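Worksheet: the structure to be examined is printed underneath.
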Amino acid sequence: MELDGRTAVVTGAASGIGLALTERFLTEGMHVVMADIEQPRLEAESARIIAAGGSVTPVVCDVSDSDQVAGLRDAALAAYGSVHLLCNNAGVASGRPNHKTRPEVWDWVVGVNLLGPAYGISAFVPLMLEQGEGHVVNTASEAGLTSSPMLGSYHATKYAVVGLSESLAMELDGTPVGVSCLCPELVDTKIFEASRNAPSELGFPPPPAIPIDQIALMMDTVAMPPADLAADVVYAVRADQFWVITHQSTIVKVVARNRRLEQGRNPKFGPGA
Ligand SMILES: NC(=O)c1ccc[n+]([C@@H]2O[C@H](COP(=O)([O-])OP(=O)(O)OC[C@H]3O[C@@H](n4cnc5c(N)ncnc54)[C@H](O)[C@@H]3O)[C@@H](O)[C@H]2O)c1
260 MELDGRTAVV
270 TGAASGIGLA
280 LTERFLTEGM
290 HVVMADIEQP
300 RLEAESARII
310 AAGGSVTPVV
320 CDVSDSDQVA
330 GLRDAALAAY
340 GSVHLLCNNA
350 GVASGRPNHK
360 TRPEVWDWVV
370 GVNLLGPAYG
380 ISAFVPLMLE
390 QGEGHVVNTA
400 SEAGLTSSPM
410 LGSYHATKYA
420 VVGLSESLAM
430 ELDGTPVGVS
440 CLCPELVDTK
450 IFEASRNAPS
460 ELGFPPPPAI
470 PIDQIALMMD
480 TVAMPPADLA
490 ADVVYAVRAD
500 QFWVITHQST
510 IVKVVARNRR
520 LEQGRNPKFG
530 PGA
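This is the structure:
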């Protein structure tokens with residue numbers, strides 16, 4: 260798909276991967292509607308980009324609310340007249356044992372990570388089909404292809420986004436609307452501080468201003484820069500490529516999981532799995 264002069268809508272655009280996608284799309288000559296629930300950061304980042312000459316429109320939007328996602332579509336159309344690229348990227352994570360995950364936490368994680376992309380598809384794909392051009396990028400995760408302990412709600416929603424994306428790609432096969440599914444491993448973002456955007460009634464303590472040492476070290480050493488991921492996304496959109504897999508190790512883990520499944524062996528984590 261041609262990007263220059265076209266419009267992208269990016270959810271979760273105030274931070275991390277969404278912000279990197281926004282900045283990359285601007286360098287490709289696109290207009291970007293930046294949607295996020297975190298208003299102060301959204302205002303600060305969009306003001307910085309506008310001051311530097313970027314064509315962006317900030318929209319405060321909670322993607323777990325279908326009315327707000329419909330409002331996002333209307334705001335994008337009012338600003339730029341059409342939408343060619345939708346990045347369903349906003350996401351949150353909560354790490355705790357499955358049997359200790361409260362119903363309200365399930366509602367929050369499912370609402371943002373799964374219903375957000377579902378509502379985005381309902382709001383934007385009809386427009387794209389009507390205009391005869393478009394592409395949807397869903398940010399799933401490596402965690403949508405392989406599993407680990409303590410992240411059940413995150414895995415459940417990310418596996419669901421992979422299934423949703425595959426189903427959508429099958430439905431749209433032969434139409435001018437493409438689909439990509441982003442499955443990165445660790446990226447240097449604020450995902451470990453996701454509780455900052457949790458509804459206050461969940462009663463999460465505020466995340467520390469500086470991430471705990473181990474996370475900071477991991478982000479500094481092994482995490483992928485979000486700008487590199489954004490470059491992969493641009494390539495995938497142009498090439499109409501479905502899978503955006505950033506690390507060969509993801510494939511190795513998927514093959515091992517499939518082998519375990521074929522052989523009827525139980526899930527296992529860690530050395531020897
Ligand atoms: N960072 C990683 O290692 C990694 C790896 C694989 C996938 N992902 C996925 O990438 C996506 C982006 O996360 P990130 O890593 O950039 O983290 P991030 O915390 O830096 O950015 C996430 C953004 O989503 C926004 N957001 C949260 N709830 C929202 C809501 N209800 N409505 C609208 N916006 C909301 C946040 O305000 C934030 O700006 C997520 O879907 C995440 O699951 C991240």
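Those letters in the sequence shown? Residues 260 to 532, per my numbering, in order.
Cβ coordinates follow ideal geometry from the N, Cα and C atoms, glycine included.
All values derive from a computational prediction rather than experimental measurement.
Alpha carbon of residue i to alpha carbon of residue j, nearest angstrom
| i | j | result |
| --- | --- | --- |
| residue 332 | residue 506 | 33 angstroms |
| residue 528 | residue 408 | 8 angstroms |
| residue 329 | residue 355 | 32 angstroms |
| residue 298 | residue 402 | 28 angstroms |
| residue 261 | residue 525 | 46 angstroms |
| residue 293 | residue 273 | 7 angstroms |
| residue 429 | residue 501 | 11 angstroms |
| residue 496 | residue 395 | 9 angstroms |
| residue 313 | residue 290 | 8 angstroms |
| residue 419 | residue 373 | 7 angstroms |
| residue 339 | residue 530 | 52 angstroms |
| residue 470 | residue 434 | 44 angstroms |
| residue 510 | residue 503 | 11 angstroms |
| residue 515 | residue 440 | 21 angstroms |
| residue 264 | residue 337 | 16 angstroms |
| residue 450 | residue 475 | 12 angstroms |
| residue 415 | residue 400 | 11 angstroms |
| residue 380 | residue 349 | 14 angstroms |
| residue 304 | residue 388 | 31 angstroms |
| residue 397 | residue 458 | 23 angstroms |
| residue 320 | residue 279 | 19 angstroms |
| residue 532 | residue 335 | 47 angstroms |
| residue 357 | residue 287 | 42 angstroms |
| residue 518 | residue 368 | 30 angstroms |
| residue 508 | residue 300 | 33 angstroms |
| residue 342 | residue 317 | 15 angstroms |
| residue 362 | residue 310 | 43 angstroms |
| residue 523 | residue 512 | 16 angstroms |
| residue 307 | residue 366 | 33 angstroms |
| residue 385 | residue 391 | 10 angstroms |
| residue 521 | residue 486 | 37 angstroms |
| residue 492 | residue 370 | 24 angstroms |
| residue 406 | residue 421 | 13 angstroms |
| residue 302 | residue 360 | 33 angstroms |
| residue 282 | residue 468 | 25 angstroms |
Collapsed DSSP secondary structure at residue i in the structure displayed
| i | result |
| --- | --- |
| residue 344 | strand |
| residue 448 | coil |
| residue 267 | strand |
| residue 515 | helix |
| residue 306 | helix |
| residue 374 | helix |
| residue 453 | helix |
| residue 294 | strand |
| residue 301 | helix |
| residue 441 | strand |
Neighbourhood of residue i by C-beta, 7 angstroms cutoff - its chain only, sequence neighbours within 5 removed
| i | result |
| --- | --- |
| residue 364 | 353, 412 and 461 |
| residue 375 | 270, 322, 323, 347 and 349 |
| residue 417 | 372, 399, 400, 402 and 403 |
| residue 443 | 400, 401, 483, 488 and 505 |
Cβ neighbours of residue i in the same chain (closer than 8 angstroms, five flanking residues each side left out)
| i | result |
| --- | --- |
| residue 377 | 423 |
| residue 445 | 477, 478, 481, 482 and 483 |
| residue 239 | The structure shown does not extend to residue 239, since the chain spans only 260 to 532, so no value can be given for it. |
| residue 426 | none |
| residue 383 | 268, 332, 342, 345, 393 and 395 |
Cutoff 6 angstroms; reference residue i; Cβ partners in own chain excluding five residues on either side
| i | result |
| --- | --- |
| residue 499 | 437 |
| residue 220 | Outside the shown range of the chain (260 to 532) lies residue 220, about which nothing can therefore be said. |
| residue 456 | 296 and 297 |
| residue 267 | 284, 289, 291 and 344 |
| residue 454 | 463 and 466 |
Minimum Cβ-Cβ distance from residue i to chain B less than 7 angstroms
| i | result |
| --- | --- |
| residue 295 | In the structure shown, chain B cannot be found, because there is only a single protein chain. |
Quiz item: What alpha helix (DSSP H) runs, 4 residues minimum, are completely inside the stretch 378-438?
Solution: 411-431
Quiz item: Going along the chain, which unbroken runs of the beta strand (DSSP E) with 3 or more residues stay wholly within the stretch 317-370?
Solution: 344-347
Quiz item: Where in the stretch 455-504 do unbroken runs of the alpha helix (DSSP H), each at least 4 residues long, occur, reported from the N-terminal end onward?
Solution: 472-480 and 485-498
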